[in-house]
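Structure first, commentary second.
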Amino acid sequence: METTDINESNILSRKQSTKGNHRSKSLMNAAIDLFIERDYSKVTIQDITARAGVTHSLVYYHFKNKEELFNRAVRSLIEETIECYQESRKYHDDPIDLIEDWFSSNVTLAASLRKLVRIMFDYSATRKGSPSISKAITNFYDEEYKILAENIRQGIELGYFKNVDPLFIASFVSTHIDGIFYCSYIHDNTDIGPAMNDLKIILWEILGYKVK
């Protein structure tokens, strides 16, 4: 086989892979939306393919069954959110800047985080399911606590914040952020941006930090 043929084959393979990834992502997005709108048991493969605009057989090309689709969709959503949090940490050395950016990221990612909080709440309520999802949920909260606790601890060491328990404050903030996102499902008029800003103001007061 000539070099030109090999290159063309590689290009075609990459295009097919990209197309396949796009289709599987569309299926996972459709599945997440439907699992939020209805109970898991009431969502069918036909519902998912109709929402994604693909053929029924395509689901089984990418996923073994509805359970695997659900598991991979939830894990993917969690992993993408964690990656966004980790990416933000690369660009900030100052704990105040990072916490500010972290709150902003929660507003920017609000659409995805609303879905994630709802899925995690419903999943946890059943107390059953995939160990891999349970691990992914644990990793999500561990990463959230780590970002907050590490930067609160650093702020204390630098003299920015008063002496508090970083893990306790991180848990307090995380719990209230979950509440903001879940409340947005109960009250359609909940504006996540101002609610998140109010929580940030409360955090600064708890830490004894005066905004300049």
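Numbering-wise (my numbering), the sequence shown opens with residue 463 and increments by one. Beta carbons: idealized from backbone N, C-alpha and C, even for Gly. If you're wondering where the values come from, they're calculated on a predicted model, not measured in any experiment.
In its own chain, which residues sit with a C-beta less than 7 Å from the C-beta of residue i, not counting the 5 before and 5 after it?
| i | result |
| --- | --- |
| L575 | T543, N568, F643 |
| Y502 | F532 |
Using a Cβ-Cβ cut-off of 8 Å (strictly less than) and excluding sequence neighbours within five positions of residue i, which residues of its own chain qualify?
| i | result |
| --- | --- |
| S636 | Y603, E606, Y607, L610 |
| V516 | R485, S488, L489 |
| N491 | A514, A535 |
Of all the options the options, which has the alpha carbon lying nearest to the alpha carbon of residue i?
| i | options | result |
| --- | --- | --- |
| K625 | H649, E667, Y647, R513 | Per the sequence shown, residue 625 should be read as Asn rather than Lys. For the residues H649, E667, Y647, R513, the minimum Cα distance to N625 belongs to E667. |
| L669 | Y522, Q616, M658, H638 | Q616 |
| L620 | K504, Y547, I558 | I558 |
| A493 | I595, T506, C645 | T506 |
| R537 | H518, L520, P593, Q508 | P593 |
| D584 | N527, K674, L560, E499 | E499 |
| G655 | E562, V673, S596, A632 | E562 |
| A714 | C645, S586, K674, N527 | Shown here, the chain extends from 463 to 674; a query on residue 714 therefore has no answer. |
| D556 | G641, H638, I618 | I618 |
| K691 | I663, Y647, K674 | This structure cannot settle anything about residue 691, because the visible part of the chain is limited to 463 through 674. |
| I664 | A632, D650, D653 | A632 |
| D640 | D627, A657, Q548 | A657 |
| K504 | H638, E529, V579 | E529 |
With DSSP run on the structure shown, which of helix, strand or coil describes residue i?
| i | result |
| --- | --- |
| S592 | coil |
| L571 | coil |
| T600 | helix |
| Y671 | coil |
| G621 | coil |
| N491 | helix |
| F583 | helix |
| N613 | helix |
| S475 | Note that S475 has pLDDT 44, beneath the 50 cutoff, so the model's placement of it is unreliable and no number is given. |
| G515 | coil |
| V626 | coil |
| T637 | helix |
| Y547 | helix |
| N527 | coil |
| V505 | coil |
| Y647 | helix |
| H554 | coil |
| R500 | coil |
| D563 | helix |
| D660 | helix |
So, at 6 Å on beta carbons, what are the nonlocal neighbours of residue i in its own chain, with the 5 sequence-adjacent residues on each side left out?
| i | result |
| --- | --- |
| I540 | A598, F602 |
| M582 | I599 |
| D509 | L496 |
| S475 | Bear in mind that the predicted position of S475 carries a pLDDT of just 44, short of 50, making it unreliable; the figure below should be weighed with that in mind. Here the set comprises nothing. |
How close, in whole Å, do the beta carbons of residue i and residue j come, if the pair is a contact with beta carbons under 8 Å?
| i | j | result |
| --- | --- | --- |
| Y622 | Y671 | 6 Å |
| R513 | F525 | Incorrect: roughly 15 Å between the Cβ atoms, too far for contact. |
| W564 | S550 | 6 Å |
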